[in-house]
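Going letter by letter, the sequence shown gives residues 1 to 120 in full-length UniProt numbering. Beta carbons: idealized from backbone N, C-alpha and C, even for Gly. These numbers were taken from a predicted model, which means no experiment stands behind them.
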Amino acid sequence: MSTPPPMNSKINLFKSASHIIHNSPNKEPFKGMLGKAIVQSINAALIALQEKVDRKPVRVQGAMLLKSGDFHINMDNCLMKNWLVEDKHVWLTISHKDFEMAQTKHPVLFNYVPADSGKS
């Protein structure tokens, strides 16, 4: 009898992952830098922190600067992505002194209810 295939959640842990880091609109820390230089800057900060996920050092594999000033990073797997996203305030400030994260925006839904609904 064969074993069942692993669940998608288990498979996804080993897929490569990516994330977009939103930069503050008035700052452009990596402006004019090539992806390779961005990766070296980020990985230097991660080496200084000596962080590991599943006994593997946390590293960025690729990076690309977007026209908006934000940048797109690629990681080895989803576990590393989760660590990088949760602790981005730590390693980003080490990787570039001018980096300032954009304020998080949350959509808000309002329902309009008139004060005088006509019912007495």
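So what's Met64 in DSSP terms, helix, strand or just coil?
The residue labelled residue 64 in the question sits at position 64 within the sequence shown. DSSP places Met64 in strand when its eight states are reduced to three.
Provide the residue(s) that pair with Ser18 in DSSP beta bridges, ordered along the chain.
One-based indexing of the sequence shown puts residue 18 at position 18. BP columns for Ser18 point to Asn74.
My output table needs one value for Lys10: the three-state DSSP class, helix, strand or coil.
For the purposes of this step, residue 10 is identified with residue 10 of the sequence shown, where counting begins at 1. In the structure shown, Lys10 sits in a helix (DSSP, three-state: H, G or I).
Give me the residue from Cys78, Leu65 and His22 with the minimum Cα distance to Lys15.
In the sequence shown, residue 15 corresponds to position 15, counting from 1. Checking every option, the nearest Cα to that of Lys15 belongs to Cys78.
What separation, rounded to the nearest whole angstrom, lies between the Cα atoms of Gly69 and Ile20?
Your numbering for residue 69 matches position 69 in the sequence shown. Your numbering for residue 20 matches position 20 in the sequence shown. Roughly 11 Å separates the two Cα atoms.
From which residue to which residue does the alpha helix (DSSP H) around Thr93 run?
In the sequence shown, counting from the first residue as 1, residue 93 sits at position 93. Its alpha helix (DSSP H) spans residues Lys88 to Ser95.
For the candidate residues Ile11, Ser18 and Ser24, whose alpha-carbon lies nearest to that of Thr93?
As a first step, residue 93 must be located in the sequence shown, where it is residue number 93. Nearest option by C-alpha distance: Ser24.
Using 8 Å for Cβ pairs, my map puts Ser41 next to His96. What's the rounded Cβ distance?
By one-based count along the sequence shown, residue 41 stands at place 41. By one-based count along the sequence shown, residue 96 stands at place 96. Contact flag correct, Cβ pair sits at about 6 Å.
Are the CB atoms of Val39 and Val60 nearer to each other than 8 Å?
For the purposes of this step, residue 39 is identified with residue 39 of the sequence shown, where counting begins at 1. For the purposes of this step, residue 60 is identified with residue 60 of the sequence shown, where counting begins at 1. Contact: yes.
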